[in-house]
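Below: the structure, in structure tokens.
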Amino acid sequence: MPTREPDDTIPGHADYAETVPEGIWAPDILGRGFAYTNLHHGRDPEADDAGVDGDADLVSTLLRYRPEHDFFEFPRWPFARRRPRTAVLYLHGWSDYFYNVEVAEFWEGLGARFYALDLRRYGRSLRPWQTPGFTSDLAEYDDDLESALRVIRADLGDVERIILAGHSTGGLIASLWVDRNPSRVDALVLNSPWLETQGSWVVRLAAAGIVDRVARRRPKALVPLPDVDYYWQSLSNQAYGQWDLHPLWRPRFAFPIRAGWMAAVLEGHARVAAGLDIRVPVLVLTSDHTVITTRFTPEHLEGDAVIEVDVTRQRALRLGLEVTVVAVPDATHDLFASKPVPRAAAYAAIRRWATGYASGLSAPD
26 MPTREPDDTI
36 PGHADYAETV
46 PEGIWAPDIL
56 GRGFAYTNLH
66 HGRDPEADDA
76 GVDGDADLVS
86 TLLRYRPEHD
96 FFEFPRWPFA
106 RRRPRTAVLY
116 LHGWSDYFYN
126 VEVAEFWEGL
136 GARFYALDLR
146 RYGRSLRPWQ
156 TPGFTSDLAE
166 YDDDLESALR
176 VIRADLGDVE
186 RIILAGHSTG
196 GLIASLWVDR
206 NPSRVDALVL
216 NSPWLETQGS
226 WVVRLAAAGI
236 VDRVARRRPK
246 ALVPLPDVDY
256 YWQSLSNQAY
266 GQWDLHPLWR
276 PRFAFPIRAG
286 WMAAVLEGHA
296 RVAAGLDIRV
306 PVLVLTSDHT
316 VITTRFTPEH
326 LEGDAVIEVD
336 VTRQRALRLG
346 LEVTVVAVPD
356 ATHDLFASKP
366 VPRAAAYAAI
376 RRWATGYASG
386 LSAPD
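Dropping the structure here:
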């Protein structure tokens, strides 16, 4: 299958999101019903390194969804439903941001309030002087999560349950955070979480021995890996996918891999392999098979080309005491960006799970 050349200039996409004060909700590029606020984490040290003057805070970004006709806001209306007491907070993956309107609408349809978090140095939180996606410690995102939960509780007031959801690397970050912070959320939903290094623990140990030495001396040193775009091609409507992707926030070729970031991820994989102690219900969704090729093929539209799903399902059982694992036939790495049939199957799996484990949510057909 030939490679399509994308148009990197997409009308309506600003390079960087405007910074706003925490608690001020600005209109989002996703359109009606979506707004964002920034969570401020102090002045960004990278700004000082780059010689940036003026305001240059390190921020993460909390996105919320409110339907245009929000009958929860009019409790005296006869057709109003009970105000939602469940919130969902969604974490994106590597070299990514939240863009999937359908996911927000799905959770709203279940009776939950939907929020998504663009982590520091990603998506709406990325700034010109920053190293995209970089961290040398996944626990750095604890402040992002804590701030997001604080704002969500202030925004909703009487929220009773919070479900944390994560995709790929976001699933790894979410799992480690819930393990370190028991009782902070009530359930965990993982969409193709990256829980182990491709090639299993043997490859991880070998890679860690090399990467750790480099990361200690030069954490931002580039890890020499081939540039591939087959996953982007399976997603973008500029190629063979159906999603309008921001060219800076979800680029055709992923952010460059740095030694410090890779070392942090490998350490996270090692912790999962040793076993976590998550005490809330966990739902893990993956494709039913992995696709391994060096260039884009039609198979990338019907399989996971990023993680090894068999290894992931094995590692999922080490997350905690109550883990449900579902394999969805012909799903891609992001199940909710798959073709319509596997995407519907993934949503159906959440509905079934929510009926038993997420009390207070509805399970419409």
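Residue numbering for the sequence shown is 26 to 390, as defined by our numbering. Cβ coordinates follow ideal geometry from the N, Cα and C atoms, glycine included. On a predicted model such as this, the values are computed, not experimentally measured, just so you know.
(message) Mapping the DSSP letters down to three states, classify residue 105 as helix, strand or coil.
(response) In this prediction, residue 105 has a pLDDT of 41, which is less than 50 and means its spatial position is unreliable; what the coordinates show is noted afterwards. Residue state, collapsed to three classes: coil.
(request) Could you spell out the range, first to last residue, of the alpha helix (DSSP H) harbouring residue 201? (result) 194-205
(message) Going by DSSP in three states, residue 59 sits in which element: helix, strand or coil?
(response) strand
(request) Using 10 angstroms around the beta-carbon of residue 152, count the other beta-carbons present and answer buried if the total reaches 16, otherwise exposed. (result) With 16 or more other Cβ atoms within 10 Å, it is buried.
(request) Run the CB neighbour count on residue 78, radius 10 Å, all protein chains shown included, and call it buried at 16 or more, exposed below. (result) exposed
(request) State yes or no: is the C-beta of residue 87 within less than 8 Å of the C-beta of residue 111? (result) no
(request) Take every Cβ of the region 238-252, pair it with every Cβ of the region 361-369, and state whether three or more of those distances are shorter than 8 Å. (result) no
(request) With DSSP as the reference, label residue 90 as helix, strand or coil. (result) strand
(message) Please state the DSSP three-state secondary structure of residue 285.
(response) helix
(request) Would you kindly check if the distance between the Cβ of residue 188 and the Cβ of residue 174 is under 8 Å? (result) Between residue 174 and residue 188, the CB-CB gap reaches or exceeds 8 Å.
(message) If you follow the alpha helix (DSSP H) that residue 312 is in, where does it begin and where does it stop?
(response) From DSSP, residue 312 is part of no alpha helix (DSSP H) but of the beta strand (DSSP E) over 307-312.
(request) Could you tell me the distance, in whole angstroms, from the CA atom of residue 172 to the CA atom of residue 81? (result) Rounded to whole angstroms, residue 172 to residue 81 spans 18 Å at the Cα level.
(message) Using C-beta distances below 6 Å, list every residue in its chain close to residue 223, excluding the 5 sequence neighbours before and after it, in chain order.
(response) 333
(request) Output yes or no for whether 8 Å exceeds the beta carbon distance between residue 199 and residue 237. (result) no
(message) Counting beta carbon pairs with one atom in the region 295-305 and one in the region 343-355, are three or more of them shorter than 8 Å?
(response) yes
(request) Hey, could you find the ends of the beta strand (DSSP E) residue 337 is sitting in? (result) Run containing residue 337: none in the beta strand (DSSP E); it sits in the alpha helix (DSSP H), 334-341.
(message) For residue 78, report the span of its beta strand (DSSP E) as first-last.
(response) Here residue 78 belongs to no beta strand (DSSP E), and DSSP marks it neither H nor E.
(request) Determine the extent of the alpha helix (DSSP H) in which residue 174 is found, giving its start and end residues. (result) Note, residue 174: alpha helix (DSSP H), 167-181.
(request) Give the single residue among 265, 294, 349 whose Cα lies nearest to the Cα of residue 324. (result) 265
(request) Consult DSSP for residue 374 and reduce its assignment to one of helix, strand or coil. (result) helix
(request) Compare the C-alpha of residue 321 against each of 247, 253, 129 and name the closest. (result) 253
(request) Check whether the region 350-359 touches the region 308-320, counting contact only when three or more Cβ pairs, one atom from each stretch, lie closer than 8 Å. (result) yes
(request) Please state whether DSSP places residue 407 in a helix, a strand or coil. (result) What is shown of the chain runs 26 to 390, which leaves residue 407 out entirely.
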